[in-house]
Amino acid sequence: MTTPFKTRSLTRPRNDRWIAGVCAGLARRSGLSSGTVRLLFLLSCLLPGPQFIAYLILWALMPNE
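Using full-length UniProt numbering, the first residue of the sequence shown is number 1, and each one after it goes up by one.
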């Protein structure tokens, strides 16, 4: 039995990067536009929390395409 959904891997794209490609990779994985994910990340930086640390960890763990 095959699944109707294609599983997308969590990778950093080579062509849609601004800083490290983390937001673009998350956008591809979730099916959102990369601009939307970047805006959500910037808005989340207004709230207290470890957003920058999470970004750095994802940058280190997410492989390139």
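All residues carry an ideal CB built from backbone N, CA and C; glycine is no exception.
Among the options, whose alpha-carbon lies nearest the alpha-carbon of residue i?
i: Ser9; options: Phe52, Gly25 and Gly49; result: Gly25
Check for me: the alpha helix (DSSP H) holding residue i runs from which residue to which?
i: Ser44; result: Ser34 to Ser44
i: Gly25; result: Val22 to Ser30
i: Ile53; result: Gln51 to Leu61
Give me, in chain order, the residues of the same chain whose beta-carbon lies closer than 6 angstroms to that of residue i; leave out the 5 immediate sequence neighbours on both sides.
i: Pro63; result: Thr11
i: Arg38; result: Cys23
i: Ala20; result: Trp59
Is any beta-carbon of chain C found at less than 8 angstroms from that of residue i?
i: Leu42; result: Here chain C cannot be found, since the structure has a single protein chain.
Between which residues of its own chain and residue i is the CB-CB distance below 8 angstroms, once the five residues before and five after are set aside?
i: Phe41; result: Cys23, Gln51 and Tyr55
Residues in the same chain with beta-carbon distance under 7 angstroms from residue i, minus the five sequence neighbours each way, listed in chain order, please.
i: Arg29; result: Arg8 and Leu10
Quick one: measure Cβ to Cβ for residue i and residue j, integer angstroms, because I've assumed they're closer than 8 angstroms.
i: Glu65; j: Arg17; result: Actually they are not in contact, since the Cβ atoms of Glu65 and Arg17 sit about 10 angstroms apart, beyond 8 angstroms.
On the DSSP bridge list, what partners appear for residue i?
i: Arg12; result: Asn64
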